[in-house]
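K.L.:
Protein chains in written order, with the working numbering: chain A, 223 to 690; chain B, 30 to 461.
Virtual Cβ for every residue (Gly too), placed ideally from N, Cα, C.
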Amino acid sequence: MAAPHARGAIDFKSRILPVFEKKCFDCHGAPREEGGEVKSPRAGLRLDSAKGILRGGEGGAVISPGSPDDSVLFQMVSQRSSHDDFMPKEGDGLGPLEKLYLKKWIAEGAVFDGWIGNEEGLGDASAAPSGSKAKDAGAPGEGAQVAMVPKKTPETTPVPAMKDPPRAMKGTPATVNFQREVLPFLKRSCVDCHRAPYEEGGRVKKPKAGLRFDAARAIIQGSGEGPVLVPGDPDESEMLARVSLPEDDDDFMPPDGDATPLSAAEKEVLKRWIAEGADFGGWVGNEEGLIERLPEAPTSSEPSAAELLAKQVKGASAQDLAAVTATGASITQVAVGNPLLRVEYITGESAVTDADVAKIGAIAGNVTELDLSETGVSDEGLAMLSGFDKLTYLDLHNTAITDVTIDHIQKLGYLEYLNLYGTSVSDASLPKIAKLRKLKAVYLWKTSVTEEGAGKLRQALRDAKISF
Amino acid sequence: MFKKQDELSRRTFMADTARKCLGVSVLPMFASKGIAATGGAANFAPMRPKAAKSVIFLNMSGGMSHLDTFDPKEKKDVMGPNTAIATNADGVRLSQYLPKLAGHADKIAVINSMTTRQGAHRQGQYILHRSYAPRGTIVHPVMGSWVMRLSGKRNSTIPGFVMVGTRDGTSTSGYLGPKFAAVPIGDPHSGIEDSHLPSGVSEDDFDRRLKLAEAMNTRFKKQFDHKKVQGYENLYRDAIQLMKAEDLKAFDINEEPSDVAAEYGESRFGQGCLLARRLIEHDVRYVEVTYGSWDTHYDNFTNVEEKCVVLDEALSALLADLDRRGLLESTVVALGTEFGRTPKIVEHHQMGRDHYPKAFSHIIAGGGIKGGQTYGETDSKGMEVENNPVTPQMFNATIAYALGLPLEQEIYSPSGRPFTISDKAKPVTALF
């Protein structure tokens, strides 16, 4: 559904101000008293005056006059309402027409037509309120887990100078129509070399670089080396870059003599089309020869045990963790974003003693997976296991443990995986193991368990795999 | 040479992608370097809990006939002397040449809808391993190198990526550099070559020599700071650490009790699978074992039957052995080939079959994949894929998904092009 074209420049007072008043001033107005407390403008951002709007908040400027896409204020109100960053936080979001007017108003230079607003309490308007939130930075290391990486937010961007001069938007449509405006020059300049394989002169001609421009899906898929189109990001879209090179550049597209290059206007249209999200408007093109799409991967409906248990976890102290790793243990998170831990000894297991393992007791409440296989632990050292209430995975294969250790774990009701192969565990332990109803797999090869005992355990835990 | 427009923005794009794909990853307590350093390299956290930790990839090179192994049919004109047998899983039928595996069908998922465009061995093997078609200008890394790049080693003292049955690992890591190349082992019985201290040199002596070599190298590196120099040094350092580690025993299949070793059969492939299991037990991340000569243009049935004796025994032993040790849940066992073979029998080549990329079969097991199932089907002659086509890229995406790797993470080649582990193909999550 197309928004009606706006005629003439956007009038701030009649089009933008009412929206701000209704949807923004409450949280982004002057400090006021309410219920005995002083309510400060959120994020230090005042939208109730021209100065305040231009100054921005704690994160820096929120308006980049001339460039709505660079304007944080516009970005925030354009998010999906379920997004964390969506604005306004309370009440109705901006309607599509309101967003359109806001966008055009910014694009036209964010001109206030003399409106001042409420400057009370603004103080020295030239200084933006301080307080950038420092986030832990980390570079993605080779093979190592990425630490929290700083968000690409305006917190670190200074107020930018006006970029492009505001374009006259009189009567121009807000979005590019792909089929009417882009497809014609794609067909003229690109598709001859970049289309489905065809036969000519007895040979099969394949699309150059494995790249096709004759189907929407193919354009999105890109070439053998990667995507050529990044919707919303013209700078990262190689298809735009290649046609924008100097004509004598080796990589300029289309190659000399093969087709007519894009005119300046066409390049501009292509850029805008990409910036606006590369909407094909329903155009499909020639899908012949494209690999069939698979349906979207189904996401599992049930949260896993690790996800459920994670809700009860408090962080472990760095000291406790260091004490554990000093014994040679390896600690990892069980999944990205999940605070539960996996503790194991990957190398040098034979040297690990009860005293070493005791250190893990200090972080018992955080551990959901514990692998002490092949280590020198004993029943005494594992008495602490009874405190590992979040354990879902326990591997003790090839250790000197006996039935005594099974006593220690008989109350660990979340256990799903229990590996006891190569230990002297016997039938005596099986009734205790049978009580752990969440077990999915129990490994009993090379133990003292008998065929009969294993059979009984299988009967008791019908949904589990009992490997014997 | 064309460059992306803004180097700086490209790097932030990379970091941004990492953030978007990996989400809020590490708790503040892990940010301190101290923990990362002492905890060894095993700090990779997967995208979801219960992800697999290791991969054993069985490379059937030559183009393994699908009808004669995992997709047997009823029609005699395409089956020749071969027939199908039932297995211990309702959803799976196998060729009569794989009787032992029929007793372990409940552990595996058979994919009968593999399809590719590569009909030649080099290109087929290339795309099977690397997810991209070969291009003259660039060498794409194989899956093992990608896995190493994205998740690192688990065991810091021994190599993380091993290829058994090949002599040459140099072209494996492509633009990722030698650090992520495979350590090749030609013969499983001889373990790792050059990994024993020359006699007469004590460990102390050796350390001193190494420090001297490092001092000399530093000057060399300063003059020729090239990634390859760094890479070879890392490989060398890997090998050194190997010499001192008790984990070295992982490479010695003579340490294995003879009854277990016998289960795998005496073939090189069988013993290679045994070695793979030992390496997985020692937390090696990725092991590939090659079994070649499946290119049965001539005398297809005799040859395939013979090879299946070896495959049947080795694969069955491997699955059973991993399973009873509780390793199958955390290990992906994948079996692939570059293409299938023609359902139409070429009679004048002593009943041969030629290359057939349109439809063929792979196997995938462990790592959270549900066993006892067949995914995707071909028609009654094994000629066309009827539903759920799976490309080699999707197969690789499935392995990556099983490992909890970030499928969309882009790595840039030195020339500035972005790549992902499976060329953005979607994993077949229905298998899990």
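Closer than 8 angstroms between beta carbons: that is the criterion. Which residues of the stretch 568 to 585 of chain A meet it against chain B?
P.N.:
I568, T569, G570, S572
K.L.:
Excluding the 5 residues flanking D335/A on each side, which residues of the same chain have their C-beta closer than 8 angstroms to its C-beta?
P.N.:
Stepping through the first sequence from its first residue, residue 335/A is reached at position 113. Here the set comprises D233, F234, K235.
K.L.:
Using 8 angstroms as the cut-off, can you tell me whether the stretch 210 to 220 of chain B makes contact with the stretch 169 to 178 of chain B, which would need three or more C-beta pairs spanning the two stretches below that distance?
P.N.:
yes
K.L.:
Measuring only the C-alpha atoms, how far is L594/A from E602/A?
P.N.:
Against the first sequence, residue 594/A aligns to sequence position 372. Against the first sequence, residue 602/A aligns to sequence position 380. If you take the alpha carbons of L594/A and E602/A, they lie about 14 angstroms apart.
K.L.:
If the cut is a Cβ gap below 7 angstroms, which residues of chain A does G220/B touch?
P.N.:
In the second sequence, the residue the question calls residue 220/B occupies position 191. Result: empty, since nearest Cβ-Cβ is about 18 angstroms, beyond 7 angstroms.
K.L.:
How would you write the range of the alpha helix (DSSP H) that K325/A sits in, first residue to last?
P.N.:
Locating residue 325/A in the first sequence gives position 103, counting from the first residue. Run containing K325/A: 318 to 329, per the alpha helix (DSSP H) assignment.
K.L.:
Residues of chain A with a CB under 9 angstroms from the CB of G433/B: which are they?
P.N.:
Against the second sequence, residue 433/B aligns to sequence position 404. Those within 9 angstroms of G433/B in chain A are A557, V558.
K.L.:
Is there at least one Cβ from chain A nearer than 9 angstroms to K79/B's Cβ?
P.N.:
Here residue 79/B refers to the residue found at position 50 when the second sequence is read from its first residue. So, interface residue.
K.L.:
At what residues does the beta strand (DSSP E) containing N560/A begin and finish?
P.N.:
On the first sequence, residue 560/A is found 338 positions in, with the first residue counted as 1. Per DSSP, N560/A belongs to the beta strand (DSSP E) from 560 to 566.
K.L.:
Kindly indicate which three-state DSSP category R680/A falls into: helix, strand or coil?
P.N.:
The residue given as residue 680/A occupies position 458 in the first sequence. The answer is helix: DSSP assigns R680/A an H, G or I state.
K.L.:
Under 7 angstroms Cβ-Cβ, which residues of chain A neighbour R183/B?
P.N.:
On the second sequence, position 154 is the one that residue 183/B refers to. The contacting residues are I568.
K.L.:
Kindly say whether Y323/A, judged by its beta-carbon, lies nearer than 9 angstroms to any beta-carbon of chain B.
P.N.:
Against the first sequence, residue 323/A aligns to sequence position 101. No, Y323/A does not count as interfacial toward chain B.
K.L.:
Let me check understanding here. Comparing Cα to Cα, which of V626/A, E403/A, Q632/A, S286/A lies closest to A500/A?
P.N.:
What you label residue 500/A is simply residue 278 of the first sequence in a count that begins at 1. Check the Cα spacing between A500/A and each of V626/A, E403/A, Q632/A, S286/A: the tightest is with E403/A.
K.L.:
Closer than 8 angstroms is the cut-off here; do at least three beta carbon pairs connect the stretch 87 to 98 of chain B with the stretch 114 to 134 of chain B?
P.N.:
With the rule of 3 Cβ pairs closer than 8 angstroms, the stretch 87 to 98 of chain B counts as touching the stretch 114 to 134 of chain B.
K.L.:
Listed in chain order, which residues of the stretch 425 to 440 of chain A have Cβ atoms closer than 8 angstroms to some Cβ of chain B?
P.N.:
G432
K.L.:
List the endpoints of the continuous beta strand (DSSP E) containing S468/B.
P.N.:
In the structure displayed, chain B extends from 30 to 461; residue 468/B sits before or after that span and is not available.
K.L.:
Count the other CB atoms within 10 Å of the CB of R659/A; is the residue buried (16 or more) or exposed (fewer)?
P.N.:
On the first sequence, residue 659/A is found 437 positions in, with the first residue counted as 1. Classification for R659/A: exposed.
K.L.:
How far does the alpha helix (DSSP H) with E317/B in it extend, from its first residue to its last?
P.N.:
Here residue 317/B corresponds to residue number 288 of the second sequence, with the count starting at 1. Run containing E317/B: none in the alpha helix (DSSP H); it sits in the beta strand (DSSP E), 315 to 320.
K.L.:
Would you check if the distance between the CB atom of L613/A and the CB atom of L652/A is smaller than 9 angstroms?
P.N.:
By one-based count along the first sequence, residue 613/A stands at place 391. By one-based count along the first sequence, residue 652/A stands at place 430. In this structure, the beta-carbon distance from L613/A to L652/A does not fall below 9 angstroms.
K.L.:
Identify the continuous alpha helix (DSSP H) that holds G299/B and give its terminal residues.
P.N.:
The count along the second sequence starts at 1 and reaches residue 299/B at position 270. Note, G299/B: alpha helix (DSSP H), 297 to 310.
K.L.:
Here's the rule: buried if 16 or more other CB atoms are within 10 angstroms of the residue's CB, otherwise exposed. What is R684/A?
P.N.:
For the purposes of this step, residue 684/A is taken as residue 462 along the first sequence, with counting starting at 1. With fewer than 16 other Cβ atoms within 10 Å, it is exposed.
K.L.:
Is there a C-beta anywhere in chain C that falls below 9 angstroms from the one on Y636/A?
P.N.:
No chain C appears in this structure, whose protein chains are A and B.
K.L.:
Could you tell me whether the Cβ atoms of L87/B and L364/B are closer together than 9 angstroms?
P.N.:
To locate residue 87/B, count along the second sequence from 1; it is residue 58. To locate residue 364/B, count along the second sequence from 1; it is residue 335. Yes, these two residues count as a Cβ contact at 9 angstroms.
K.L.:
Determine the direct distance from the alpha carbon of V457/B to that of F424/B, and round the result to whole angstroms.
P.N.:
By one-based count along the second sequence, residue 424/B stands at place 395. By one-based count along the second sequence, residue 457/B stands at place 428. Approximately 7 angstroms between the Cα atoms of the pair.
K.L.:
From what residue to what residue does the alpha helix (DSSP H) around G153/B run?
P.N.:
For the purposes of this step, residue 153/B is taken as residue 124 along the second sequence, with counting starting at 1. Counting along the chain, the alpha helix (DSSP H) containing G153/B begins and ends at 150 to 159.
K.L.:
Check the Cβ-Cβ distances between Y665/A and every residue of chain B, and say whether any is below 9 angstroms.
P.N.:
Here residue 665/A corresponds to residue number 443 of the first sequence, with the count starting at 1. By this cut-off, Y665/A is an interface position.
K.L.:
Pairing CB atoms from the stretch 129 to 140 of chain B with CB atoms from the stretch 394 to 404 of chain B, are three or more of them under 8 angstroms?
P.N.:
Cβ pair count under 8 angstroms is three or more, so yes.
K.L.:
Would you mind working out which of K79/B, A149/B, I85/B, V168/B sits nearest S442/B, comparing C-alpha positions?
P.N.:
Counted from its first residue, the second sequence places residue 442/B at position 413. The shortest C-alpha separation from S442/B is found at V168/B.
K.L.:
Find the residues of chain B that neighbour Y643/A, judging by a C-beta separation of less than 8 angstroms, and give them in chain order.
P.N.:
In the first sequence, counting from the first residue as 1, residue 643/A sits at position 421. Correct list: R353, R354, G355.
K.L.:
Determine the extent of the alpha helix (DSSP H) in which T331/B is found, giving its start and end residues.
P.N.:
Translated into positions along the second sequence, residue 331/B becomes position 302. Taken as a continuous stretch (DSSP letters only), the alpha helix (DSSP H) holding T331/B covers 329 to 353.
K.L.:
So which residues on chain B does D617/A lean against when the C-beta distance must stay under 9 angstroms?
P.N.:
Start at 1 with the first residue of the first sequence, and residue 617/A comes out as number 395. The contacting residues are G355.
K.L.:
According to DSSP, what are the bridge partners of Q125/B?
P.N.:
Looking up residue 125/B in the second sequence gives position 96. For Q125/B, which the question treats as bridged, DSSP gives no partner whatsoever.
K.L.:
By the DSSP assignment, the alpha helix (DSSP H) with T627/A in it spans what residues?
P.N.:
Counting from one through the first sequence, the residue named residue 627/A turns up at place 405. From DSSP, the alpha helix (DSSP H) with T627/A extends over 625 to 631.
K.L.:
Tell me which same chain residues have a C-beta within less than 7 angstroms of the C-beta of L130/B, skipping the five on either side of it?
P.N.:
Along the second sequence, read from residue 1 onward, the residue named residue 130/B stands at position 101. Excluding residues within five positions, the ones whose Cβ falls inside 7 angstroms are L123, D341, L344, S345.
K.L.:
Pull up the distance between the alpha-carbon of D248/A and that of E259/A, whole angstroms please.
P.N.:
Walking along the first sequence from the start, residue 248/A turns up at place 26. Walking along the first sequence from the start, residue 259/A turns up at place 37. Rounded to the nearest angstrom, the two C-alpha atoms are 15 angstroms apart.
K.L.:
Hey, how far is the Cα of D119/B from the Cα of K182/B?
P.N.:
As a working note, residue 119/B is residue 90 in the second sequence. As a working note, residue 182/B is residue 153 in the second sequence. D119/B and K182/B: Cα-Cα distance of roughly 38 angstroms.
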